[in-house]
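Position 3, counted from 1, in the sequence shown is what numbering that gives the first Met the number 0 calls 2; the numbers after and before it change by one each time, with no gaps. C-beta: ideal position from N, C-alpha, C; glycine also. All values derive from a computational prediction rather than experimental measurement.
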Amino acid sequence: MTSVISAAPPATTAAPRLSTRFTEAVGVEYPVVQGGMMWAGRSALAAAVSEAGGLGIITALTQPTPADLVAEIERARKLTDRPFGVNLTILPSINPPPYDDYRRAIVDSGVTIVETAGSSPEPHMEFFAAHGVKVLHKCTSVRHAVKAEALGVTAVSIDGFECAGHPGEDDIPGLVLIPAAADALTIPFIASGGFADGRGLAAALALGADGINMGTRFLCSRESPISDAVKKRITEASERDTRLIFRQLRNTARVARNSVSDEVVRILDHGGSFPDVQDLVAGARGRRVFDDGDIEAGIWSVGLAQGIIRDIPPAGEIVTRVVREAREILARELRRFG
Ligand SMILES: Cc1cc2nc3c(=O)[nH]c(=O)nc-3n(C[C@H](O)[C@H](O)[C@H](O)COP(=O)(O)O)c2cc1C
């Protein structure tokens, strides 16, 4: 199939504003969000997305301490005076990070948009509401989105089966998940998982979403702080080059297909349990992939969208290109059918 991206001229100038309920709710120009990404969601990337009119998000837990997070937020402020957010991923853990201290660092730094993910935002809602923080909760099912709406979040980001990282256990792709969410929610929501270009944004809007969230597309951008070898691998990989690990543990994660993810799936398929794969999936090994560019060193998150990503542009150009393409597609189709 011909790529809309490759057919389009390089995006150098910003597209006209594209307002939706989401852009109004969070105060950005375009309904394009760069979701939190462990190790990659740092200031340069988040600021580039925000500076272009999207919503960039710094990943709190990528910073080793809350004080480091404060410094990272300050670095982003030097790069843009436009709004950006911070992702707080809350997962059950034997030694949980000091979530309350990270939370405090976020509000003390004056950040007013937080992307929560991993588990219910309920324990944090009162604190964030008291400090005027808008919560964008990311979840993978309509029922969790409805619950988040009842808890008072400003908007929901709903991650379909296509997404990098944790797609949940329901296996519902965006084509059904997005309109189902549109039917069930009254607050603004953005579609996530499998989006990489303007065709995706146009489709998401048509399905009833108020914008899109992208991870893999921004992971493969110039400001993404990972090895060029990994970005190159993404541009060469197909949509078939991911694997779902931890299915048996009901903690499914979509990661790149490589010798390590193949081995993890094989061990768990043959009756193995978490301790049997613990060393293979160690965070330090995944970190080596991003830092050293050794794509076989460990497991690393990537989504099906890699099958339609063929270049490594600046993150700001991704934002303007996606918006411009979506506008062109919507205008063209309106001329044809309107
Ligand atoms: C390398 C990588 C790391 C990620 N880490 C996190 C994370 O720490 N917290 C989180 O909420 N989502 C994380 N995500 C998920 C993204 O925020 C986003 O929801 C997802 O990538 C959307 O699917 P897509 O990759 O198809 O665009 C990560 C994604 C990638 C690619």
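Nearest candidate by alpha-carbon position, reference residue i, set the options
i           : options               : result
residue 166 : 44, 331 and 303       : 303
residue 20  : 210, 323 and 296      : 210
residue 237 : 324, 320 and 309      : 309
residue 227 : 293, 35, 244 and 62   : 293
residue 240 : 250, 249 and 261      : 261
residue 282 : 271, 298, 273 and 272 : 298
residue 249 : 168, 305 and 279      : 168
residue 184 : 66, 259, 216 and 142  : 142
residue 268 : 306, 33, 71 and 245   : 245
residue 192 : 16, 23 and 33         : 33
residue 366 : 71, 93, 215 and 256   : No statement about residue 366 is possible, as the shown extent of the chain runs from 0 to 337 and does not include it.
residue 79  : 232, 23 and 47        : 47
residue 235 : 224, 247 and 256      : 256
residue 140 : 125, 247, 175 and 126 : 175
According to DSSP, residues forming a beta bridge with residue i
i           : result
residue 86  : 58 and 114
residue 33  : 213
residue 193 : Answer by DSSP bridge pairing: none, since residue 193 is not bridged.
residue 138 : 157
residue 300 : 254
residue 164 : 253
residue 243 : 253
residue 133 : 112
residue 188 : 155
Nonlocal neighbours in the same chain, by C-beta distance under 6 angstroms from residue i, ignoring five residues either side
i           : result
residue 170 : 160
residue 276 : 263 and 266
residue 296 : 284, 287 and 288
residue 18  : none
residue 272 : none
residue 333 : none
residue 35  : 56, 58, 86 and 114
residue 4   : Note that residue 4 scores 35 on pLDDT, short of 50, meaning its location in the model is unreliable and no value can be drawn from it.
residue 270 : none
residue 306 : 237 and 238
residue 213 : 194
Contacting residues, own chain, Cβ-Cβ under 8 angstroms from residue i (five flanking each side not counted)
i           : result
residue 82  : 25, 26, 27, 49, 54, 111 and 112
residue 177 : 157, 159, 190, 203, 206, 207 and 208
residue 188 : 21, 144, 154, 155, 156, 157, 180, 181, 208 and 209
residue 68  : 57, 59, 62, 85, 101, 104, 105 and 108
residue 200 : 30, 31, 194, 210, 211, 321, 322, 324 and 325
residue 0   : Because the pLDDT at residue 0 is just 35, under 50, the model does not fix this residue reliably, and the value given afterwards should be weighed accordingly. Correct list: empty, nothing qualifies.
residue 251 : 165, 166, 167, 168, 243, 244 and 245
residue 131 : 111
residue 328 : 3, 197, 198 and 201
residue 247 : 267 and 268
residue 91  : 118
Cut-off 7 angstroms between Cβ atoms - residues of its own chain near residue i, not counting five sequence neighbours on either side
i           : result
residue 6   : Because the pLDDT at residue 6 is just 36, under 50, the model does not fix this residue reliably, and the point stays unresolved.
residue 52  : 13, 27, 28, 29 and 318
residue 290 : 226
residue 37  : 58, 60 and 61
residue 172 : 159, 160 and 161
residue 71  : 41, 42, 57 and 62
residue 16  : 28
residue 279 : 259, 262 and 263
residue 426 : There is no way to answer for residue 426, as the model of the chain reaches only from 0 to 337.
residue 343 : Only positions 0 to 337 of the chain appear in the structure, and residue 343 is not among them; the question remains open.
Integer Cβ distance of residue i from residue j, believed to fall under 8 angstroms
i           : j           : result
residue 151 : residue 128 : 7 angstroms
residue 120 : residue 134 : 6 angstroms
residue 300 : residue 259 : In fact, because the Cβ distance is near 13 angstroms, the residues do not count as touching under 8 angstroms.
residue 136 : residue 149 : Actually they do not touch by this definition, with Cβ atoms about 11 angstroms apart.
residue 65  : residue 97  : 7 angstroms
Do three or more CB pairs link the stretch 115-122 to the stretch 82-102 at distances below 8 angstroms?
Contact between the stretch 115-122 and the stretch 82-102 is present: 3 or more CB-CB pairs across the two stretches fall below 8 angstroms.
Inter-stretch contact at 8 angstroms, needing at least 3 Cβ pairs: the stretch 309-319 / the stretch 212-223:
In short, these stretches touch, since the Cβ pair count reaches three.
Any 3 or more C-beta pairs closer than 8 angstroms across the stretch 38-52 and the stretch 69-76:
Taking a cut-off of 8 angstroms for Cβ pairs, the stretch 38-52 and the stretch 69-76 touch, as three or more such pairs fall below it.
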